[in-house]
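Participant: The sequence shown begins at 2 in our numbering and counts up one residue at a time.
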Amino acid sequence: MEKATGAPVIWWVRQDLRLGDNAALAAAAATGAPVLPVFVFDDASAGAWAPGGASRWWLHHSLVALADALRSRGLPLVLRRGDSRQLIPAIVEEVGAQAVFAGRMYEPWARERDKAVAAALAARGVRIEGARTALLFEPWDIRTRTGGSYGVYTPFSRACFNAAPPPQPKPAPARLIPPNHVPASDRLEAWRLLPSKPDWAGGLQTTWRPGEAGAAARLERFLREALPRYDTLRNRPDVPGTSGLSPYLHWGEISPSEVWHSALAAGAAHAVPTESFLKELIWREFSYHLLWHRPEMPHVPLKPIFSRFPWRNDPVALKAWQRGRTGYPIVDAGMRELWHTGWMHNRVRMITASFLIKHLLIPWQEGEAWFWDTLVDADLAANSASWQWVAGCGADAAPYFRIFNPVLQGEKFDPQGAYVRRWVPELARLPAALIHRPWEASPLVLAEAGVVLGRTYPLPIVEHAEARARALAALEAISAEKGAA
Numbered sequence: 002m003e004k005a006t007g008a009p010v011i012w013w014v015r016q017d018l019r020l021g022d023n024a025a026l027a028a029a030a031a032t033g034a035p036v037l038p039v040f041v042f043d044d045a046s047a048g049a050w051a052p053g054g055a056s057r058w059w060l061h062h063s064l065v066a067l068a069d070a071l072r073s074r075g076l077p078l079v080l081r082r083g084d085s086r087q088l089i090p091a092i093v094e095e096v097g098a099q100a101v102f103a104g105r106m107y108e109p110w111a112r113e114r115d116k117a118v119a120a121a122l123a124a125r126g127v128r129i130e131g132a133r134t135a136l137l138f139e140p141w142d143i144r145t146r147t148g149g150s151y152g153v154y155t156p157f158s159r160a161c162f163n164a165a166p167p168p169q170p171k172p173a174p175a176r177l178i179p180p181n182h183v184p185a186s187d188r189l190e191a192w193r194l195l196p197s198k199p200d201w202a203g204g205l206q207t208t209w210r211p212g213e214a215g216a217a218a219r220l221e222r223f224l225r226e227a228l229p230r231y232d233t234l235r236n237r238p239d240v241p242g243t244s245g246l247s248p249y250l251h252w253g254e255i256s257p258s259e260v261w262h263s264a265l266a267a268g269a270a271h272a273v274p275t276e277s278f279l280k281e282l283i284w285r286e287f288s289y290h291l292l293w294h295r296p297e298m299p300h301v302p303l304k305p306i307f308s309r310f311p312w313r314n315d316p317v318a319l320k321a322w323q324r325g326r327t328g329y330p331i332v333d334a335g336m337r338e339l340w341h342t343g344w345m346h347n348r349v350r351m352i353t354a355s356f357l358i359k360h361l362l363i364p365w366q367e368g369e370a371w372f373w374d375t376l377v378d379a380d381l382a383a384n385s386a387s388w389q390w391v392a393g394c395g396a397d398a399a400p401y402f403r404i405f406n407p408v409l410q411g412e413k414f415d416p417q418g419a420y421v422r423r424w425v426p427e428l429a430r431l432p433a434a435l436i437h438r439p440w441e442a443s444p445l446v447l448a449e450a451g452v453v454l455g456r457t458y459p460l461p462i463v464e465h466a467e468a469r470a471r472a473l474a475a476l477e478a479i480s481a482e483k484g485a486a
């Protein structure tokens, strides 16, 4: 192992928990100085957007994986919990670091924190260098012809495809020199990121393998099994037709460039179309573009008229939605999948979000908050952009009057009821023709299936036609206000 000489540099690990294709780590290694990896769990700076329960579970296991990978290269991973504005400058002084390298973050709270850290380091004569580790394109690099930001996805997507392609992914640095002095580190277990009493994470444990190796395995399986059928099956929750890479991308256990170029290569090798999948990666980019230019997006509707929307305060209905007890099988299946695995199929995310917002008239921020706590891929940009899209109040949003019929959505995208049978097992014995509308089954069919509506499975908490009419009336009310203003 190479001996350290000279002042070290710090790799400030954030949401780039990987060694491969990591521009921040590569830049730190390229200095030829010893590299000290440091991760700060700064939930204080994040405030309301500190990681939720499912994200904390993922972060714990991802840090274990990263620490193991670094240890195999002879490097430690220093863990600290607290305010980065104090901790990073303090560690710099303790080890005499000459520079700090970090992957850029784009959340409003992180931007403020990073400005403060940069100022504190500059006062000590130490530079901090940011690198693009989380995105294909920087939010400020994709501009309209007049130099502005985009508010509509389709032209944004076109601009991304027309831009210079993302750089080819690079392997982990071949040479990493460990530091002579390693400052004290917290014990990861002391952070108590894992649930206990009760441990509700059993489903997460059996579903996911956090870490860089888990990301690589997930990508390889997707390219082999699902990419060839992606165009036809990506909207089907009853089959494994999506990549499942969203949590790995959020935590930076794989780079979007790695995913992009791997998909292109696999598509070319097997004559498989890839545009639909690449557009999903660009939707993620669009979400970050919006968040960068509209930092109020996580809590304020981008269309001001919706600030006057007559939302309902209905804790009972909200709880029924959260627990998968609405009486609409496709909605309940999605919410139970989320509770068990920390993830939900994208089509079902749209269905469940539409139900909360439009059938129940509960504010989209309530759904955003629930997803933030229960998703392993909870991502501020994607979560808030997508909720505003469904609510009709965001950039390039689906019109509010587009109200999903949960029965028809279930029958179209889960035609045999396999998804519902998995997550709502009390309905498993119903025939496919009735599994998405059990209230229409005859008493004999219900009895044969062992279903007692209102007891073993709830009746619908709201009738679709009535809910749709109520939602449209609410939209008309704020539209009339706008006209009168």
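Note that CB positions come from ideal geometry on N, CA and C, so glycine has one too.
This one's a predicted model, so the numbers in the text were calculated from it and none came from an experiment.
Once you ignore the five residues that flank P1 on each side, which residues in its own chain have a CB closer than 6 Å to its CB?
Facilitator: What is shown of the chain runs 2 to 486, which leaves residue 1 out entirely.
Participant: Between which residues of its own chain and L303 is the CB-CB distance below 7 Å, once the five residues before and five after are set aside?
Facilitator: Cβ neighbours of L303 beyond the five flanking positions: R295, Q389, C394, G395, A396.
Participant: Is V1 near I363, with beta carbons less than 8 Å apart?
Facilitator: Since the first and last residues shown for the chain are 2 and 486, residue 1 lies out of range.
Participant: For R337, which residues from the same chain have a beta carbon less than 6 Å from its beta carbon, with the 5 sequence-adjacent residues on both sides left out?
Facilitator: Excluding sequence neighbours, R337 sits near G325, W424.
Participant: Does DSSP classify L428 as helix, strand or coil?
Facilitator: Looking at L428 - three-state DSSP - the assignment turns out to be helix.
Participant: Measuring only between beta-carbons, confirm whether Q206 sits less than 8 Å from chain B.
Facilitator: In the displayed structure, chain B is absent; only one protein chain is listed.
Participant: Mapping DSSP to helix, strand and coil, what is Y458?
Facilitator: Strand at Y458.
Participant: In angstroms with no decimal places, state the Cα-to-Cα distance between R193 and T147.
Facilitator: Their backbone Cα atoms lie some 49 Å apart in a straight line.
Participant: Going by DSSP, what residue range makes up the alpha helix (DSSP H) through P407?
Facilitator: First-last of the alpha helix (DSSP H) with P407: 407–414.
Participant: Assuming the contact rule is C-beta atoms closer than 8 Å, L78 and F40 should be a hit. Round their C-beta distance to whole Å, please.
Facilitator: At roughly 6 Å, the Cβ-Cβ gap stays under 8 Å, so L78 and F40 are in contact.
Participant: Is L279 closer than 8 Å to A266 when the C-beta atoms are compared?
Facilitator: No, these two residues do not count as a Cβ contact at 8 Å.
Participant: Where does E130 sit, in a helix, a strand or coil, going by DSSP?
Facilitator: If DSSP states are grouped into helix, strand and coil, E130 belongs with the strands.
Participant: Identify the residues that DSSP records as bridge partners of V79: which are they?
Facilitator: V39.
Participant: Residues in its own chain within less than 7 Å of D17 by CB, not counting five upstream and five downstream?
Facilitator: Excluding sequence neighbours, D17 sits near N23, A25, G104, T134, A135, G253.
Participant: Can you tell me which residues form a DSSP beta bridge with I255?
Facilitator: Its beta-bridge partners do not exist; DSSP assigns none.
Participant: For W293 and P140, what's the separation of their Cα atoms in angstroms?
Facilitator: Near 6 Å, if we compare the C-alpha coordinates of P140 and W293.
Participant: To the nearest angstrom, how far is the alpha carbon of V487 from that of W365?
Facilitator: The structure shown has nothing for residue 487, since the chain only spans 2 to 486.
Participant: Go ahead and pull the three-state DSSP assignment for G328.
Facilitator: Looking at G328 - three-state DSSP - the assignment turns out to be coil, as it is neither helix nor strand.
Participant: Does the contact criterion of 3 or more C-beta pairs under 8 Å hold for the segment 307–316 versus the segment 346–357?
Facilitator: Contact fails: fewer than three Cβ-Cβ distances are below 8 Å.
Participant: Please give me, in chain order, every unbroken run of the alpha helix (DSSP H) with length at least 4 that falls completely inside the segment 341–383.
Facilitator: Within the segment 341–383, the complete alpha helix (DSSP H) runs of at least 4 residues are 347–355, 365–375.
Participant: Would DSSP call W1 helix, strand or coil?
Facilitator: The requested residue 1 does not occur in the structure, where the chain is confined to residues 2 to 486.
Participant: Excluding the 5 residues flanking I352 on each side, which residues of the same chain have their C-beta closer than 7 Å to its C-beta?
Facilitator: The answer, listed in chain order, is I331, V332, G335, F405, P407, Q410.
Participant: Specify whether the segment 55–72 and the segment 213–222 touch according to this definition: at least 3 beta carbon pairs, one from each stretch, less than 8 Å apart.
Facilitator: Verdict: yes, contact present.
Participant: Only counting the same chain, and skipping five residues up and downstream in sequence, which positions put a Cβ closer than 8 Å to that of V446?
Facilitator: Counting only Cβ-Cβ distances below 8 Å, and skipping sequence neighbours, we find L431, P432, L435.
Participant: With V463 as the anchor, note down where its alpha helix (DSSP H) starts and where it stops.
Facilitator: Neither: V463 is in no alpha helix (DSSP H) and is coded neither H nor E.
Participant: DSSP three-state label for F223, please.
Facilitator: Of the three classes helix, strand and coil, the one that applies to F223 here is helix, per DSSP.
Participant: Less than 8 Å separating the beta-carbons of G343 and T375?
Facilitator: Yes, the Cβ-Cβ distance between G343 and T375 is below 8 Å.
Participant: Taking only the alpha-carbon atoms, compute the straight-line gap between A100 and A399 and give it to the nearest angstrom.
Facilitator: If you take the alpha carbons of A100 and A399, they lie about 46 Å apart.
Participant: Would DSSP call G21 helix, strand or coil?
Facilitator: Here G21 sits in coil by DSSP.
Participant: What does DSSP give as the partner residue(s) for F102 in the beta ladder?
Facilitator: Answer by DSSP bridge pairing, in chain order: W12, E130.
Participant: How many Å lie between A565 and A123 at the Cα?
Facilitator: The chain is shown only over 2 to 486; residue 565 falls outside these bounds and no answer can be derived.
Participant: Excluding the five sequence neighbours on either side, which residues of its own chain have a C-beta within less than 6 Å of the C-beta of T457, listed in chain order?
Facilitator: Once the five neighbours on either side are set aside, the close Cβ partners of T457 are E427.
Participant: Considering only residues of the same chain and omitting the five flanking positions on each side of H341, which have a CB-CB separation below 7 Å?
Facilitator: Hits under 7 Å: G204.
Participant: Considering just the uninterrupted stretch of the alpha helix (DSSP H) at A91, what are its terminal residues?
Facilitator: Element bounds for A91: 85–96.
Participant: Specify, as a first and last residue, the run of the alpha helix (DSSP H) that G442 falls within.
Facilitator: Note on residue identity: the sequence assigns Ala, not Gly, to residue 442. Element bounds for A442: n/a, residue is neither H nor E.
Participant: At the level of alpha carbons, what is the spacing between A485 and A474?
Facilitator: Because the pLDDT at A485 is just 44, under 50, the model does not fix this residue reliably, and the value given afterwards should be weighed accordingly. Near 16 Å, if we compare the C-alpha coordinates of A474 and A485.
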